[in-house]
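Quick notes on the structure that follows.
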Amino acid sequence: MVTKGDMVYAWTPDSGLLEKAECGGAVTALLKYALENKVVDAVLAIKKGSDIYDAVPTIITDPAEIGGSAGSLHCGTLLVSKLVKKYLNGARDLKLGVTVKGCDAMAFYELAKRNQVDLDNIIMIGVNCGGTVSPVPARKMITEKYGVDPNTVHKEEIDKGQFIIEYEGGHKGISIDELEEEGYGRRSNCRRCKMKIPRQADLACGNWGVIGDKAGKATFVEVCSQKGANLVDAAVKAGALEISAADPKGIAIRGKVENAMLKLGDKWRKHDFEALGMGRERLKYIMKETSRCIKCYACIEGCPICYCVECSTKKPHLVKPGEIPPNFMFHMIRFAHISDSCVNCGQCEENCPMEIPNALFMHAQQVELEKMYGFTPGINMDPPILAYAEEKTERARLDATGSDQIFDNIFKE
Ligand code: FAD
Ligand code: SF4
Ligand code: SF4
Ligand code: SF4
Ligand code: SF4
Numbered sequence: 045m046v047t048k049g050d051m052v053y054a055w056t057p058d059s060g061l062l063e064k065a066e067c068g069g070a071v072t073a074l075l076k077y078a079l080e081n082k083v084v085d086a087v088l089a090i091k092k093g094s095d096i097y098d099a100v101p102t103i104i105t106d107p108a109e110i111g112g113s114a115g116s117l118h119c120g121t122l123l124v125s126k127l128v129k130k131y132l133n134g135a136r137d138l139k140l141g142v143t144v145k146g147c148d149a150m151a152f153y154e155l156a157k158r159n160q161v162d163l164d165n166i167i168m169i170g171v172n173c174g175g176t177v178s179p180v181p182a183r184k185m186i187t188e189k190y191g192v193d194p195n196t197v198h199k200e201e202i203d204k205g206q207f208i209i210e211y212e213g214g215h216k217g218i219s220i221d222e223l224e225e226e227g228y229g230r231r232s233n234c235r236r237c238k239m240k241i242p243r244q245a246d247l248a249c250g251n252w253g254v255i256g257d258k259a260g261k262a263t264f265v266e267v268c269s270q271k272g273a274n275l276v277d278a279a280v281k282a283g284a285l286e287i288s289a290a291d292p293k294g295i296a297i298r299g300k301v302e303n304a305m306l307k308l309g310d311k312w313r314k315h316d317f318e319a320l321g322m323g324r325e326r327l328k329y330i331m332k333e334t335s336r337c338i339k340c341y342a343c344i345e346g347c348p349i350c351y352c353v354e355c356s357t358k359k360p361h362l363v364k365p366g367e368i369p370p371n372f373m374f375h376m377i378r379f380a381h382i383s384d385s386c387v388n389c390g391q392c393e394e395n396c397p398m399e400i401p402n403a404l405f406m407h408a409q410q411v412e413l414e415k416m417y418g419f420t421p422g423i424n425m426d427p428p429i430l431a432y433a434e435e436k437t438e439r440a441r442l443d444a445t446g447s448d449q450i451f452d453n454i455f456k457e
């Protein structure tokens, strides 16, 4: 009997799937079992598109198709949670199994607090995450640092601190530390990220801590909720998954690696935030960088905290229409609304056509607010700081209309 808190090695008995999977194939085996047995109506996972730089979110309802989503795409910088809100009605009318990285899981919680997704209908299969590399910088890195044509690379993996590529004619690994010292490597938000094992998901799966004869052939699964325990239990009973107790030495190693990654996250936070300066100096820097803005709204579209039907940045009395770059108020509105709850997912930076480091600016503010108020976004259902500043009637109006604007009535013509 599997229970919450257990740590197990798990693997699929299907040798074909094991071949395709990242390590033990437990994630895909569990999603397949859930779909076959109607535990979920659909699965949302990531599959390889035209090449390794092309991570495609995909909805799967036929269990026979699930194998196509096995394997890890380290150039997959998507955020699946906002897709569930936008395109699947927040999973209000279907049961969904989703593979989530730390930032996906955090965003799900922040969306759930705002009544934008129904977590009761979602099974989150978490994957540990050391970080992702954006597709365009990844191609540049492979060309310049590996001396390899990125179009010839058919597989990539991150193993023992190295980013390893397999290409026509060979394979090559370079340590991530070395890559990052030279300005290549993971996205900057990933370097600062401290959500390495997503324990707020139902299961947290990874390869850290799998040692001995199971190394590379099993998935390390930490059971984080009763929902997760029930799924593993049922899959094992049905013969869809095999498990054994995790080796205590493996558990200790996993703990050490996690701690080392957290320290690295702290190091990058210090590095990135100090470079912004403090007070007026920081403000001036942010104003200078955001002066490139073309008001395309991509930062708002991708942000999991931005969900309002009527966005304040589109109100003429706040941001003058037709002005490029927009008045700094455009960014001030985002800072005021998001900074307490930013989950550092990087979408606002990744999708910005003007390469404005939006996630860095927001994350820096979130960390300051966390120091002041002790609120960490994305880890549980605790309400955000702003919820305490809101009148109850105002909250009810926001829920009913989707407009965040307290002063709407005054300005209505
Ligand atoms: P599989 O059965 O192969 O299933 C993999 C699942 O991951 C599939 O559902 C697939 O859709 C999904 N997936 C693939 N790419 C992405 C993506 N970019 N975003 C969201 N979902 C995706 N484990 C560690 O222990 N340490 C790490 O540092 C680490 N870093 C990772 C970084 C990334 C970007 C990813 C995606 C995973 C990382 N993992 C890490 C987890 C590990 O690679 C395996 O996903 C995990 O061990 C499960 O293995 P499996 O064989 O059971 O998965
Ligand atoms: Fe992974 Fe964290 Fe980067 Fe998300 S922000 S992709 S969880 S390292
Ligand atoms: Fe401006 Fe970039 Fe946001 Fe577009 S994505 S509105 S350019 S900050
Ligand atoms: Fe993600 Fe940017 Fe929104 Fe923060 S502000 S949650 S980094 S999209
Ligand atoms: Fe985001 Fe604020 Fe616009 Fe809402 S009003 S979508 S929180 S910027």
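Numbering (the working numbering), first residue to last: 45 to 457.
We treat Cβ as the ideally placed atom computed from N, Cα and C, and that holds for glycine.
Please read all numbers here as calculations on a predicted model, not as lab measurements.
Under the DSSP definition of a beta bridge, W55 partners with E286.
Between R313 and R236, the gap from beta carbon to beta carbon is short of 8 Å. Looking at the DSSP output, D203 sits in a beta bridge with Q206.
Under a 10 Å Cβ-count criterion, Y190 is classified as buried, with 16 or more other Cβ atoms of the shown protein chains found around its own Cβ.
The beta carbon of T196 lies closer than 7 Å to those of Y211, E212 in the same chain, with the five residues before and after it left out.
Inter-segment contact for the stretch 147 to 163 and the stretch 372 to 387 is present: three or more beta-carbon pairs are separated by less than 8 Å. For G272, the enclosing alpha helix (DSSP H) covers residues 270 to 281.
Distances between the C-beta of T334 and the heavy atoms of ligand 5 are all 7 Å or more.
Judged by their CB atoms, Q391 and C355 are not nearer to each other than the 8 Å cut-off. Around the CB of A433, fewer than 16 other CB atoms lie within 10 Å, so the residue is classed as exposed.
In the structure shown, G214 adopts extended strand secondary structure according to DSSP, grouped into three states.
For V254, there is no enclosing beta strand (DSSP E), as DSSP marks it with neither H nor E.
Under a 10 Å Cβ-count criterion, V142 is classified as buried, with 16 or more other Cβ atoms of the shown protein chains found around its own Cβ. Look at L122 here: in three-state DSSP terms it is coil, with no helix or strand label. Secondary structure at S356: helix, using DSSP grouped into helix, strand and coil. Using a cutoff of 7 Å, the CB of I166 does not count as near ligand 4, since none of the ligand's heavy atoms is closer than that. In the three-state scheme derived from DSSP, where H, G and I count as helix and E and B as strand, V144 is classed as strand.
Taken through DSSP and simplified to helix, strand or coil, K332 comes out as helix.
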